[in-house]
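There are 2 protein chains.
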Amino acid sequence: MAEDRTELSELGEFGLIERLSQGIVVQNDTSKMGIGDDAAVIDSGDHLTLLSTDMLLEGVHFDLSYVPLPHLGYKSIAVNVSDIAAMNGTPKQVTVSVGLSNRFSLEAIEALYQGINAAAKDFKVDVVGGDTTSSNSGLVISVSVLGTAEKEKEVYRNGAKANDIICATGDLGAAFVGLQVLEREKQTFLANPEMQPQLDKYQYIVQRQLKPIARMDIIHELASLDVQPTSMIDISDGLASELLHLTGQSSLGATIYEDKLPIDKQTYDTAVEFGLDPITCVLNGGEDYELLFTIDQEHHAKLEKHPDIHFIGHMQSADKGVNLLTKQENVVAITAQGWNHLK
Amino acid sequence: MAEDRTELSELGEFGLIERLSQGIVVQNDTSKMGIGDDAAVIDSGDHLTLLSTDMLLEGVHFDLSYVPLPHLGYKSIAVNVSDIAAMNGTPKQVTVSVGLSNRFSLEAIEALYQGINAAAKDFKVDVVGGDTTSSNSGLVISVSVLGTAEKEKEVYRNGAKANDIICATGDLGAAFVGLQVLEREKQTFLANPEMQPQLDKYQYIVQRQLKPIARMDIIHELASLDVQPTSMIDISDGLASELLHLTGQSSLGATIYEDKLPIDKQTYDTAVEFGLDPITCVLNGGEDYELLFTIDQEHHAKLEKHPDIHFIGHMQSADKGVNLLTKQENVVAITAQGWNHLK
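Chains as they are written, first to last, in numbering that gives the first Met the number 0: chain W, 0 to 342; chain V, 0 to 342.
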């Protein structure tokens with residue numbers, strides 16, 4: 000096409016998005032927030048409409064040699080619902096487009112939809128449309144989700160203030176370590192197809208990888224406690240990457256504490272077994288689909304006893320940087336080493 | 000996965016959609032219309048929100064050896080806008096997800112987005128989000144579109160009544176015949192790369208294939224003439240297939256007249272040159288993205304002099320069938336031979 004050639008790997012995913020965003024002009028005054036948050040925000044009169052989309056490609060986002068089709072269907076809905084949760088919204092409708100090669104039978108597609116329908120039920124969303132086509136290459140799944148939020152209740156990435164408490168839900172790193180287990184089992188199977196997979200002791204972390212849960216429960220609890228986060232994002236690319244989004248878009252720095260980071264024992268033990276640093280898995284492992292958010296200190300008491308919300312640090316002025324304080328009280332600058340699907 | 004194996008080609012695209020739709024349960028009372036029309040219809044209080052999505056896969060929907068990237072970007076938006084037009088709505092926002100292999104440079108992606116942004120400007124929609132990822136195989140483009148419609152002004156496929164006039168916009172068959180020209184030029188080029196493409200005399204039909212226009216102009220004109228169609232669909236799979244959707248969902252039959260079918264002279268001449276029956280191209284060629292709709296006879300006078308709306312037949316009771324009356328006054332039953340992406 001062009002004489003110049005700039006490789007996409009030079010820019011990375013976020014660089015590409017930034018570059019492409021520059022050419023976009025907003026023409027409709029109902030388009031309140033476009034690219035740059037977990038979902039677009041559209042003014043629908045008495046409420047806001049939220050819109051987000053995620054595409055899953057075989058060989059990039061999933062490997063059918065160890066991902067069962069019902070789990071894949073479930074995950075394709077959950078990751079989209081998670082984007083609506085991260086805006087403090089409620090998901091309502093999804094469209095599901097699927098590109099299929101002829102190696103898929105009707106029964107296989109029905110298995111995929113079994114998971115899609117189970118997730119739709121769990122997250123109370125309706126499958127209202129989509130597109131079904133053949134694919135010359137692998138399986139392609141593209142889901143878009145519509146949600147709603149009350150006006151003034153939507154939460155962006157850019158609203159954090161200095162001294163806000165940084166909260167993370169659930170535990171982190173499990174989905175990444177679970178993926179390592181699945182990859183090892185695949186290699187073992189390829190080397191010796193007689194071997195049965197040994198997944199029993201890794202059940203929790205494998206489940207975290209295969210069937211992530213969008214944290215709508217947390218969104219409902221925050222509402223019932225009358226706690227509105229000042230900023231929020233879902234943890235799809237790893238804690239470090241997401242924290243850098245919140246601090247960057249809020250023009251702040253942050254300190255998080257190693258001893259406060261939530262990690263499950265199975266994640267920790269398995270990381271060590273694989274020769275991985277557990278804290279690196281927490282910081283840079285992706286696909287946990289937990290929520291990272293900030294709250295004003297006035298809400299401290301309401302959440303401090305919550306079993307599944309962890310205070311991991313605080314926001315600070317930008318000049319103090321974005322740092323991890325280790326157990327040895329060393330200050331380590333946090334850099335993004337999360338997923339980069341273009342590398 | 001399963002012991003039974005039913006091939007997707009046995010069901011076809013519409014059979015698969017019908018089968019998958021059976022497992023879907025609607026839980027939100029704002030989901031007014033799900034699968035089965037050009038877009039989903041969602042109750043947004045004082046208005047309706049419309050949602051539709053289309054996926055384009057390299058090697059299935061486009062061939063980059065003759066489709067320029069800006070045209071492809073334009074088309075990916077236009078085909079989605081066309082779905083909103085077919086509901087009598089106005090498109091407002093789109094999300095664009097792109098799966099890219101590393102053979103694409105930044106410059107190539109910018110060329111794609113040049114077309115996306117041009118279409119966004121032409122159809123007054125905002126690009127508010129998307130997903131950018133690598134692809135191990137070809138280029139994947141998935142677009143979702145949000146639109147709005149006034150309550151009671153939305154038009155479904157199932158609202159036609161007997162004796163309604165059947166209207167088609169523009170001309171038909173051109174995109175299909177244009178595709179034949181592009182395919183022939185590709186073969187000529189592969190046989191002899193020194194040959195320059197000979198496209199001058201096919202300019203109109205090639206343009207119709209490469210850069211379809213969604214007929215929002217017709218939607219605005221119908222509104223200004225106070226004509227609300229009783230049923231409507233966009234012609235993406237061919238006139239015959241779309242007419243069968245309108246008649247089937249409205250529980251009616253129809254007669255259309257061969258001598259009323261709109262065909263451009265270049266389409267006609269080129270079809271003959273390729274040994275194709277021009278009427279078959281009109282009936283079964285896809286991708287024109289014109290509108291097919293029905294109106295009550297009371298609106299006859301308002302539209303009869305419109306240069307770009309053609310009265311091609313009328314609806315009738317289901318027992319009379321769906322027929323073409325030829326110039327020789329033969330009655331031929333219309334069957335769907337449109338695109339079936341799963342065959």
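Here a beta-carbon is modelled for each residue, glycine too, at the ideal position from N, C-alpha and C.
Computed from a predicted model, the values in this text were never measured in an experiment.
With a Cβ-Cβ cutoff of 8 Å, do residue i and residue j count as a contact?
i	j	result
V/D233	V/D36	no
W/L209	W/V180	no
V/S100	W/N101	no
W/A118	W/V176	no
V/A84	V/M215	yes
W/V127	V/S43	no
V/P308	V/D170	Position check: residue 308 of chain V holds Ile in this sequence, whereas Pro was assumed. No; because the gap between Cβ atoms is not below 8 Å, this pair is not in contact.
W/V330	W/L242	no
W/A213	W/Y288	yes
W/V226	W/L302	yes
V/I165	V/H299	no
V/Y112	W/L10	no
V/P69	V/V154	no
Does any CB atom of chain A fall closer than 8 Å to the CB of residue i?
i	result
W/M231	Considering every chain present, this structure includes no chain A. Its protein chains are W and V.
Quick one: measure Cβ to Cβ for residue i and residue j, integer angstroms, because I've assumed they're closer than 8 Å.
i	j	result
W/I23	W/I34	7 Å
V/D3	W/E106	6 Å
V/T147	V/L221	16 Å between Cβ atoms; not a contact.
W/L15	V/T131	6 Å
W/L55	W/A39	Contact doesn't hold; Cβ gap of about 20 Å is too wide.
V/M314	V/N87	That belief does not hold up - the Cβ atoms of V/M314 and V/N87 are roughly 18 Å apart, past 8 Å.
W/V352	W/P90	The structure shown has nothing for residue 352 of chain W, since chain W only spans 0 to 342.
W/E184	W/P196	5 Å
W/G72	V/T52	Between V/T52 and W/G72 the Cβ distance is about 17 Å, and since that is not below 8 Å, they are no contact.
V/G312	V/D236	The Cβ separation is near 18 Å, so there is no contact.
W/E57	W/G137	3 Å
W/A317	W/G252	5 Å
W/E350	W/L323	The structure shown does not extend to residue 350 of chain W, since chain W is modelled only from 0 to 342, so the question has no answer here.
Taking C-alpha atoms, which residue in the options lies nearest to residue i?
i	options	result
W/L282	W/L238, W/G320, W/H313	W/L238
W/T254	W/Q202, W/E328, W/G114	W/E328
W/K200	W/E193, W/E272, W/L138	W/E272
W/A173	W/V59, W/D276, W/I218	W/D276
V/L260	V/K123, V/T325, V/A300	V/T325
W/S346	V/G114, V/V59, V/H298	An answer regarding residue 346 of chain W cannot be provided, because it is not within the stretch 0 to 342 covered by chain W.
W/D121	V/N27, V/L224, V/Y65	V/N27
V/E6	W/S64, W/F103, W/D62, W/K74	W/F103
W/V78	W/G312, W/R207, W/L224	W/R207
V/P211	V/A332, V/A190, V/V80, V/G274	V/V80
V/N135	W/D62, W/L189, W/Y203, W/K152	W/D62
V/E149	V/N162, V/S75, V/Q186, V/D45	V/D45
W/N162	W/F310, W/I217, W/K74, W/V205	W/F310
W/V25	V/I204, V/H219, V/N116, V/K152	V/N116
W/K304	W/T187, W/Q202, W/E151, W/L224	W/L224
W/P306	W/T334, W/K319, W/S240, W/I217	W/I217
Between residue i and the ligand GDP, is there a pair consisting of the residue's CB and a ligand heavy atom that are separated by less than 7 Å?
i	result
V/G98	In the structure on display, the ligand GDP does not appear, and there are no ligands present to speak of.
task = Pair every Cβ in the region 232 to 248 of chain W with every Cβ in the region 266 to 274 of chain W, then say whether three or more of these pairs are closer than 8 Å.
result = Put simply, the region 232 to 248 of chain W does not touch the region 266 to 274 of chain W. Fewer than three CB pairs are less than 8 Å apart.
request  = Please name the residues in the region 20 to 52 of chain W whose beta-carbon is closer than 8 Å to at least one beta-carbon of chain V, in chain order.
outcome  = Listed in sequence order: G22, I23, V24, V25, Q26, N27, T29, S30, M32, G33, I34, A38, A39, I41, S43, G44, D45, H46, T48, L50, S51, T52.
request  = Check whether the region 77 to 96 of chain W touches the region 131 to 142 of chain W, counting contact only when three or more Cβ pairs, one atom from each stretch, lie closer than 8 Å.
outcome  = The region 131 to 142 of chain W and the region 77 to 96 of chain W touch, with three or more beta-carbon pairs separated by less than 8 Å.
ask   = Between the region 291 to 301 of chain W and the region 146 to 166 of chain W, do at least 3 Cβ pairs fall closer than 8 Å?
value = Verdict: yes, contact present.
inquiry  = Taking beta-carbon pairs under 7 Å, can you tell me which members of the region 125 to 149 of chain V lie near chain W?
reply    = Contact annotation: in the region 125 to 149 of chain V, residues whose CB is within less than 7 Å of a CB in chain W are D125, V126, V127, G128, G129, D130, T131, T132, S133, S134, N135, S136, G137, V139, S141, S143, L145.
query = Mind listing which residues of the region 82 to 98 of chain V have their C-beta closer than 7 Å to chain W's C-betas, in chain order?
reply = Per Cβ criterion, the list reads K91, Q92, T94, S96, G98.
ask   = In chain order, what residues of the region 211 to 242 of chain V put their CB closer than 9 Å to some CB of chain W?
value = Cβ proximity to chain W below 9 Å picks out nothing from the region 211 to 242 of chain V.
request  = Name, going along the chain, the residues of the region 59 to 71 of chain W whose beta-carbon falls closer than 7 Å to a beta-carbon of chain V.
outcome  = The residues in question are V59, L68.
query = If contact means a Cβ-Cβ distance below 8 Å, which residues of the region 100 to 119 of chain V contact chain W?
reply = Hits within the stretch, in order: N101, F103, S104, L105, E106, A107, I108, E109, A110, Y112, Q113, N116, A119.
inquiry  = Against chain W, which members of the region 305 to 322 of chain V pass a CB distance test of less than 9 Å?
reply    = Hits within the stretch: zero.
task = Residues of the region 176 to 199 of chain V with a CB closer than 9 Å to any CB of chain W: list them in chain order, please.
result = Per Cβ criterion, the list is empty.
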